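Just below is one structure, and these are the notes that go with it.
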Amino acid sequence: MTYRTHSASPYMQFAKLRSGATYNLASSGIMQCSLSDLPVELHDLDISGPTLYGYAPLKERIAKFNGVTPDRVVCAAGTSMANHLAFAATLEPGDEVLVERPTYELLVSTLQYLGANIRYFDRRMENDFRIDPEEVARRMTAKTRLIVLTNLHNPTGVLNDEAALNVVGEIARDYKARVLADEVYLEALYEQRPRPAIHFGDHFLVTSSLTKAYGLSGLRCGWVLASPELAHRMYLINDLYGVYGATTADMLSVIAFDNLDGVAARAKKLLAANRPVLDAFLQSRDDLACVRPEFGTIAFPKLLHRSVHDLDHLLREKYDTSIVPGRYFEMPQHFRIGIGGDPEMTRAAFERLGDALDELR
Ligand SMILES: Cc1ncc(COP(=O)(O)O)c(C=O)c1O
209 MTYRTHSASP YMQFAKLRSG ATYNLASSGI MQCSLSDLPV ELHDLDISGP TLYGYAPLKE
269 RIAKFNGVTP DRVVCAAGTS MANHLAFAAT LEPGDEVLVE RPTYELLVST LQYLGANIRY
329 FDRRMENDFR IDPEEVARRM TAKTRLIVLT NLHNPTGVLN DEAALNVVGE IARDYKARVL
389 ADEVYLEALY EQRPRPAIHF GDHFLVTSSL TKAYGLSGLR CGWVLASPEL AHRMYLINDL
449 YGVYGATTAD MLSVIAFDNL DGVAARAKKL LAANRPVLDA FLQSRDDLAC VRPEFGTIAF
509 PKLLHRSVHD LDHLLREKYD TSIVPGRYFE MPQHFRIGIG GDPEMTRAAF ERLGDALDEL
569 R
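So for the sequence shown, this note's numbering puts the first residue at 209; every next one is plus one.
Structure (structure tokens):
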């Protein structure tokens with residue numbers, strides 16, 4: 209009997225078991241909503257309902273939100289399952305996939321689990337972590353079936369330029385490959401959000417959810433946008449995993465979409481309070497270098513002289529503060545910080561991070 213060699217995600221174990229702290233800069237999304245943030249009454253909900261291949265009212269909301277028809281929407285348990293379904297529907301074991309680096313580790317773990325061969329294209333700090341289409345073109349081979357990228361980029365928060373994305377799409381098309389754009393952080397541009405990349409053509413797939421920008425991770429309201437044919441294929445694959453959606457969560461997600469402006473206002477208020485704190489912090493530190501993102505919930509500074517391992521250790525042991533070490537993104541001199549938390553906590557966390565950095569000098 210042969211066993212899969214990759215069937216776990218080191219980053220996800222870190223995120224679930226070791227990223228917690230009183231002063232939390234490790235979380236990458238807006239702090240979680242509670243039920244009281246949604247105008248919901250118990251009689252609005254039910255336990256079971258018609259969620260065969262997606263709960264129709266939710267599919268309609270997701271379709272409208274993204275400017276597509278419902279037959280292009282696959283409902284999925286978070287962006288995580290959305291990515292899994294998108295990979296499974298477009299790849300055979302042994303197919304080659306070109307993934308951005310640095311990258312969100314779970315994308316790689318999932319691709320490895322599905323038996324893909326992974327190659328990377330680099331997003332370089334000296335290029336402000338932008339996608340360089342020439343680098344993408346250089347890394348393609350006849351066996352490449354999928355290009356995988358995130359927008360906003362996790363871990364740096366950098367917004368991808370639409371023209372560059374289109375060039376990447378053309379490169380993929382030349383090789384009869386596709387592009388998967390994980391846009392879970394793009395939602396955090398709110399009314400400034402560019403159109404989802406599915407609008408560039410059916411050689412794109414888009415994955416996203418209400419998790420990061422709206423603080424609604426608990427609903428697991430994720431989706432894939434794809435051609436109707438691929439969407440159908442993904443629903444059949446989902447029969448092997450989740451089978452049905454959770455009706456109560458789907459109904460709550462419909463209510464969330466119908467009241468999204470209010471949920472967004474809460475999130476924008478948090479970011480409006482925290483972004484200046486991040487900016488002032490980065491401005492004040494000559495021991496860090498950072499491509500400062502204009503939007504979103506995360507940043508990825510580089511520690512110039514000391515080890516991030518030591519910083520992480522000191523923060524945990526003495527300051528009860530968490531960051532995400534860059535080794536999870538294959539860039540061990542960096543660390544990721546999130547600014548979606550409670551403003552008082554976030555301000556205190558940055559003070560502690562500053563104290564720890566001073567102590568390491
Ligand atoms: C790029 C990216 N995609 C997907 C996810 C997971 O999203 P969800 O909670 O909706 O499954 C994350 C979470 O950190 C992420 O960073």
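Each residue gets a CB set at the ideal place from its N, CA and C atoms; glycine is no exception.
Predicted, not measured: the structure shown is a model, and the values here were computed from it.
- In the same chain as L523, and ignoring 5 residues on each side of it, the C-beta atoms closer than 6 angstroms to its own belong to T529, A564, in chain order.
- Between the alpha carbons of V516 and D252 lies a gap of roughly 48 angstroms.
- For G377, DSSP records no beta bridge to any residue.
- Look at D390: its beta carbon is less than 7 angstroms from one of the heavy atoms in ligand 1.
- The beta carbon of V499 sits closer than 7 angstroms to the beta carbons of M333, D336, F337, T364, V366 from its chain, once the five residues preceding and following it are set aside; these are given in chain order.
- The beta-carbon separation of V344 and L306, rounded to 7 angstroms, stays under the 8 angstroms limit for a contact.
- Listed as beta-bridge partners of A389 by DSSP are L357, V414.
- L512 is classed as exposed because its beta carbon has fewer than 16 other beta carbons within 10 Å across all chains shown.
- The Cβ neighbour count for Y422, taken over all protein chains shown within 10 Å, is at least 16; the residue is labelled buried.
- Selection G534, Y443, K267, G409 evaluated against E370 yields G409 as nearest (Cα-Cα).
- Assignment of A345 by DSSP, reduced to helix, strand and coil, places it in the helix class.
- Straight through space, the alpha carbons of R569 and G450 are spaced by roughly 50 angstroms.
- Between the alpha carbons of Y398 and F273 lies a distance of about 11 angstroms.
- DSSP places L306 in no alpha helix (DSSP H) but in the uninterrupted beta strand (DSSP E) bounded by 304–309.
- Y328: member of the beta strand (DSSP E) spanning 325–330, first to last residue.
- Secondary-structure assignment with DSSP links A507 through a beta bridge to I545.
- Cβ contact annotation for A385 (same chain, cutoff 7 angstroms, sequence separation greater than five): T352, R353, L354, I355, in chain order.
- In this structure, the straight-line span from the alpha carbon of E342 to that of H411 is close to 19 angstroms.
- Take A454, set aside five residues on each side of it, and no residue of its chain has a beta-carbon closer than 7 angstroms to its own.
- Of the residues assessed, A480 falls on the exposed side of the cut-off, its CB having fewer than 16 other CB atoms within 10 angstroms.
- Secondary structure at G430: strand, using DSSP grouped into helix, strand and coil.
- Listed in chain order, the non-local C-beta contacts of A216 below 8 angstroms within the same chain comprise S317, local neighbours out to five positions each way being set aside.
- Under the three-state reduction of DSSP, Y383 is assigned to coil, being neither helix nor strand.
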